[in-house]
Amino acid sequence: MRANDTGLSAHFMGLGVAAWAMVCLSACLPAEALSSQVVDSASLRVELLNMLARDQRARNPDSLLRMSDSDRERAVSEAMALAAVHGERLKSIVAAVGWPTPALVGEDGVRAAFTLLQHADHDPEFQERMLPLLQDAAYRGETPRRDVAYLTDRIRRWRGRPQVYGTQYDIARDRAGREIRDANGRPTYLAPLVEDLADLDARRATMDLGPWIEYEYRMARLQNRAPFERARTPQDSSDTR
């Protein structure tokens, strides 16, 4: 679990298509223009790690909480723009060498590539295309199975479908689409929406994930809130704890 991923990703998925269009006009380079930058494996590993470091700095949760609404919106837009650039670069890397492997870029390079993929929310179709590659990599032991769970849930959330493993959190929004925050500026999180509760932990176990409630307690600490008693289901009539 990455502290700056599931807890904050809702910030970076809520600006909508129009905002992405404006962001990418100024920040996204075509994949074709980047394809020539694929170099030797050592340099590629360094590049992936550098992109990850920039990504994590842009998504610093403490910095976001200290910002005014306008500054936070600008910071989120800048982080989204950076994630889009990184996502386009990752596309060209995959086109040239396939999904990065530990033999090519090291385990930390693989971790970096996955995080960049998770944050490439400007192009969910790309994320969906990468899922079979990630599944194959997990089958070969080249990436953790939990990464498949994270990406599966992220894609399902994008498609408006209940999650399988309950890994992705949303932020509550008002009718105008604005994030609902408390008096201290902290966002109001919603428990993950899952397809059913009965076998949730069994499904998670197949992906080397622990019980959901243990995961939830960790997320509650990261998100500085009271823990949810359970995940949500489509049968829930409202978003309750």
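Under the numbering used here, think of the first position of the sequence shown as 2, with each following residue one higher. Cβ coordinates follow ideal geometry from the N, Cα and C atoms, glycine included.
May I ask which residues mark the beginning and end of the alpha helix (DSSP H) holding residue i?
i           : result
residue 194 : No alpha helix (DSSP H) contains residue 194, which DSSP labels as neither H nor E.
residue 230 : Counting along the chain, residue 230 falls outside any alpha helix (DSSP H), and DSSP gives it neither H nor E.
residue 223 : 213-223
Return helix, strand or coil for residue i, following the three-state DSSP convention.
i           : result
residue 109 : helix
residue 188 : strand
residue 176 : coil
residue 22  : Confidence at residue 22 is low in this model, with a pLDDT of 39, below 50, so its placement is unreliable and the value that follows should be read with caution. Helix at residue 22.
residue 154 : helix
residue 200 : coil
residue 182 : strand
residue 56  : helix
residue 72  : helix
residue 245 : Only positions 2 to 242 of the chain appear in the structure, and residue 245 is not among them; the question remains open.
residue 45  : helix
residue 226 : coil
residue 208 : coil
residue 236 : coil
residue 31  : Low local confidence applies: a pLDDT of 44 at residue 31 is under 50, so the model's placement there is unreliable, with the coordinate-based value given in what follows. Here residue 31 sits in coil by DSSP.
Tell me the DSSP bridge mates of residue i?
i           : result
residue 164 : 195
residue 171 : 191
Judging by CA-CA distance, which residue of the options is the nearest neighbour of residue i?
i           : options               : result
residue 225 : 55, 120 and 183       : 183
residue 165 : 84, 98, 83 and 207    : 207
residue 116 : 107, 152 and 96       : 152
residue 1   : 157, 198 and 181      : Since the displayed the chain opens at 2 and closes at 242, residue 1 lies outside it and no answer follows.
residue 159 : 100, 123, 141 and 112 : 123
residue 77  : 58, 92 and 95         : 58
residue 108 : 45, 230 and 200       : 45
residue 50  : 74, 87 and 61         : 87
residue 71  : 120, 186 and 105      : 186
residue 205 : 91, 168, 134 and 135  : 168
residue 134 : 95, 163 and 82        : 95
residue 113 : 136, 52 and 235       : 52
residue 92  : 103, 73, 126 and 74   : 126
At least one CB of chain B closer than 7 Å to the CB of residue i: is that the case?
i           : result
residue 160 : In the displayed structure, chain B is absent; only one protein chain is listed.
Starting from the N-terminal side, write out each stretch of the alpha helix (DSSP H) that is 4 residues or longer and does not extend beyond the segment 86-149.
Runs of the alpha helix (DSSP H) inside the segment 86-149: 103-119 and 125-140.
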